[in-house]
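Residue numbers (our numbering): 14 to 385.
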């Protein structure tokens, strides 16, 4: 009798262990602000409700993301699902699953698919695609009786407009000592970091011409703030304080400008659509022991209704065409939100290699280490 009771309880205990073993835990690494996490966390909970056998362990890494991700890979502790951008994709591509047949690529902008592909294979489901545009303070334009910039303007037009808007109280255009913000100027003169064939052109004549013109806006023409003018403020804060009339930056500033700006503002494309295009997406580690569940998760994250939730805040330009080209994206401030879409369609994909970040550090030292 005692033996039967022991066997009975042993079976119960084993069945409990089996139940626990059937619960799959997925580690998911991402960066993002507090407001972004407030959008993401409920989406994760919805996924867990639909998939009660899967639990998501969220690894929120808001700073030094890729340094910490590198340590996780080096320690054989790579997350199952990884938020990654195209600038770092080549470094990790050999450690990520090929997901060519996971999604319908025609549902996404070609630029986002191309950005998150390497060696002809797709390694991440696109979340968003980004480029640089010019934010402008319409109130300053109106006060100075300067026409708003238009799509077909040139770099000469940008210079003349900036000059007209520069006064003792504000500069015409922004300046930041970083190769990323110099890229549109480099592209304008057919320069860049890599050409379409992946050949390094960061210090060719055309590239140097672009960087020098960018620096001239601040240091020669004096229509943009120098490093010493900027001081401890961010350029975004200068724009909000109405100390610059135009600001070259990305979509990520829309939520802040919607919330804080006390003036009317809008966006226009950089001349000749010369800005670079980058993308972010969700990838799966090759070392994951739960690839099937990881695939379920990234497909859930990329569902239309979830991309809509991420889009409504204004934070991203969705890579999904059906969300980007809908009123959800287009009918919110800024009025000319279509500029982000046209910039993605017409701008140049950023070609990168494993050494891309090292190269950009070297170019920053080369071009900007002496500016003050």
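Where is the CB? At the ideal position from N, CA and C, for every residue including glycine. Predicted model, so just to flag it, every value in this text is computed and none were measured.
Helix, strand or coil, according to DSSP, for residue 263 in the structure here?
To locate residue 263, count along the chain shown from 1; it is residue 250. Residue state, collapsed to three classes: coil.
4 or more residues per run - each alpha helix (DSSP H) lying fully within the region 89-143
For the region 89-143, the full-length alpha helix (DSSP H) segments reaching 4 residues or more read 102-105 and 123-128 along the chain.
I think residue 136 touches residue 128, with their Cβ atoms under 8 Å apart; what is that distance to the nearest whole Å?
In the chain shown, residue 136 corresponds to position 123, counting from 1. In the chain shown, residue 128 corresponds to position 115, counting from 1. Not quite, the Cβ-Cβ distance comes to about 10 Å (not below 8 Å), so this is no contact.
In this structure, how does DSSP classify residue 43 when only helix, strand and coil are distinguished?
In the chain shown, counting from the first residue as 1, residue 43 sits at position 30. It is a strand residue.
Within this structure, are the beta carbons of residue 268 and residue 42 separated by less than 9 Å?
Here residue 268 corresponds to residue number 255 of the chain shown, with the count starting at 1. Here residue 42 corresponds to residue number 29 of the chain shown, with the count starting at 1. Not closer than 9 Å, so no.
Under a Cβ-count criterion, where at least 16 other Cβ atoms within 10 Å of its own Cβ denotes burial, should residue 92 be classed as buried or exposed?
Position 79 of the chain shown, counted from the first residue, corresponds to residue 92. Flag for residue 92 reads buried.
How far does the alpha helix (DSSP H) with residue 365 in it extend, from its first residue to its last?
Taking the chain shown and counting its residues from 1, the one referred to as residue 365 is at position 352. Per DSSP, residue 365 belongs to no alpha helix (DSSP H) and is neither H nor E.
Closest to residue 83 by C-alpha separation, out of 108, 63 and 68, would be which residue?
Within the chain shown, residue 83 is the residue found at index 70, counting from 1. Per the C-alpha coordinates, the member of 108, 63 and 68 positioned closest to residue 83 is 108.
Residue of 376, 385 and 282 minimising C-alpha distance to residue 238
Position 225 of the chain shown, counted from the first residue, corresponds to residue 238. When 376, 385 and 282 are compared, the shortest CA-CA separation from residue 238 is found for 385.
Buried or exposed, going by whether 16 or more other CB atoms sit within 10 Å of the CB of residue 22?
Taking the first residue of the chain shown as 1, we reach residue 22 at position 9. Reliability fails at residue 22, whose pLDDT of 38 lies under 50, so the model's placement of it is uncertain and no value is given.
Considering only C-alpha positions, which residue in the set 81, 141, 179 and 143 is nearest to residue 158?
On the chain shown, position 145 is the one that residue 158 refers to. Taking each of 81, 141, 179 and 143 in turn and checking the Cα distance to residue 158, the smallest one comes out for 179.
Once you ignore the five residues that flank residue 113 on each side, which residues in its own chain have a CB closer than 6 Å to its CB?
Start at 1 with the first residue of the chain shown, and residue 113 comes out as number 100. Same-chain partners within the cutoff: 134 and 135.
With DSSP as the reference, identify every bridge partner of residue 68, one or two as the case may be.
Here residue 68 is taken as the residue at index 55 of the chain shown, counted from 1. According to DSSP, which records beta bridges pairwise, residue 68 is partnered with 38.
Going by C-alpha to C-alpha distance, which of 332, 335, 210 and 286 sits closest to residue 196?
For the purposes of this step, residue 196 is identified with residue 183 of the chain shown, where counting begins at 1. Nearest of 332, 335, 210 and 286 to residue 196, Cα basis: 286.
What residues are listed by DSSP as bridge partners for residue 333?
For the purposes of this step, residue 333 is taken as residue 320 along the chain shown, with counting starting at 1. In DSSP, residue 333 forms a bridge with 121.
For the alpha helix (DSSP H) holding residue 87, just list the boundary residues, first then last.
In the chain shown, residue 87 corresponds to position 74, counting from 1. Counting along the chain, the alpha helix (DSSP H) containing residue 87 begins and ends at 78-87.
Element boundaries [alpha helix (DSSP H), containing residue 321]
Taking the first residue of the chain shown as 1, we reach residue 321 at position 308. Segment 317-325, the alpha helix (DSSP H) holding residue 321.
Report the CB separation of residue 321 from residue 341 in whole angstroms; it is logged as a contact under 8 Å.
Within the chain shown, residue 321 is the residue found at index 308, counting from 1. Within the chain shown, residue 341 is the residue found at index 328, counting from 1. Yes, residue 321 and residue 341 are in contact; Cβ-Cβ is about 6 Å, under 8 Å.
How about residue 198 and residue 240: do their beta carbons lie closer than 9 Å?
For the purposes of this step, residue 198 is taken as residue 185 along the chain shown, with counting starting at 1. For the purposes of this step, residue 240 is taken as residue 227 along the chain shown, with counting starting at 1. Not in contact: residue 198 and residue 240 (Cβ atoms no closer than 9 Å).
Range of the contiguous beta strand (DSSP E) that encloses residue 289:
Counting from 1 along the chain shown, the entry for residue 289 is found at position 276. Run containing residue 289: 289-297, per the beta strand (DSSP E) assignment.
Whose C-beta lies closer than 7 Å to the C-beta of residue 356 among residues of the same chain, with five residues either side of it excluded?
As a first step, residue 356 is located in the chain shown; it is residue number 343 there, counting from the start. Same-chain partners within the cutoff: 144, 146, 282, 286 and 288.
Please work out which residues of its chain come closer than 7 Å, Cβ to Cβ, to residue 308, disregarding the five sequence neighbours upstream and downstream, and give them in chain order.
To locate residue 308, count along the chain shown from 1; it is residue 295. The beta carbon of residue 308 sits closer than 7 Å to those of 115 and 297, all from its chain and outside the five residues before and after it, given in chain order.
Cα-Cα separation between residue 209 and residue 52, rounded to whole angstroms:
Residue 209 sits at position 196 when you count from the first residue of the chain shown. Residue 52 sits at position 39 when you count from the first residue of the chain shown. Cα to Cα, residue 209 sits roughly 37 Å from residue 52.
Is residue 324 closer than 9 Å to residue 211 when the C-beta atoms are compared?
Taking the first residue of the chain shown as position 1, residue 211 is located at position 198. Taking the first residue of the chain shown as position 1, residue 324 is located at position 311. Residue 324 is positioned such that its CB atom lies no closer than 9 Å to that of residue 211.
Beta-carbon within less than 8 Å of residue 372's beta-carbon, same chain only, minus the 5 sequence neighbours each way: which residues are those?
Residue numbering aside, residue 372 sits at position 359 when the chain shown is read from its first letter. These residues qualify, in order along the chain: 206, 213, 215 and 366.
Can you check the region 225-252 for any alpha helix (DSSP H) of at least 4 residues that lies completely inside it and give the ranges in chain order?
Listed in chain order, they are 240-243.
Residues near residue 85 in its chain [Cβ-Cβ closer than 7 Å; skip 5 each side]:
Against the chain shown, residue 85 aligns to sequence position 72. Answer for residue 85: 91 and 92, listed in chain order.
What is the rounded straight-line gap between the Cα of residue 122 and the Cα of residue 156?
Position 109 of the chain shown holds residue 122. Position 143 of the chain shown holds residue 156. Those two C-alpha atoms are separated by around 39 Å.
Quick one: residues in its chain with C-beta nearer than 6 Å to the C-beta of residue 383, no 5 flanking neighbours on either side, listed in chain order?
Here residue 383 corresponds to residue number 370 of the chain shown, with the count starting at 1. Closer than 6 Å at Cβ, skipping near neighbours: no residue.
Let me make sure I understand the geometry here. Which of 100, 376 and 126 has the alpha-carbon closest to that of residue 111?
For the purposes of this step, residue 111 is taken as residue 98 along the chain shown, with counting starting at 1. Distance from the Cα of residue 111 is smallest, within the candidate group 100, 376 and 126, for 126.
Under 9 Å between C-beta atoms of residue 177 and residue 277:
Position 164 of the chain shown, counting from 1, holds the residue named residue 177. Position 264 of the chain shown, counting from 1, holds the residue named residue 277. No, the pair does not count as a contact, with Cβ atoms beyond the cut-off.
Give the secondary structure of residue 384 by DSSP, where H, G and I count as helix, E and B as strand, and everything else as coil.
Numbered from its first residue, the chain shown carries residue 384 at position 371. Three-state result, residue 384: coil.
Can you confirm whether the region 245-253 touches the region 187-195 when touching is taken to mean that 3 or more C-beta pairs between the two stretches lie within less than 8 Å?
The region 187-195 makes contact with the region 245-253, as at least three CB pairs between them are under 8 Å.
If you drop the 5 nearest sequence neighbours on each side, which residues of the same chain put their C-beta closer than 6 Å to that of residue 171?
By one-based count along the chain shown, residue 171 stands at place 158. Excluding the 5 residues flanking it on each side, residue 171 has same chain C-beta neighbours closer than 6 Å at 284, in chain order.
When you compare only the Cα positions, how much space is there between residue 217 and residue 244?
Residue 217 sits at position 204 when you count from the first residue of the chain shown. Residue 244 sits at position 231 when you count from the first residue of the chain shown. In this structure, the CA atom of residue 217 is about 31 Å from the CA atom of residue 244.
Selected residue, minimal CA-CA separation from residue 140, among 64, 279 and 318
Taking the chain shown and counting its residues from 1, one reaches residue 140 at position 127. The residue among 64, 279 and 318 with its C-alpha nearest the C-alpha of residue 140 is 318.
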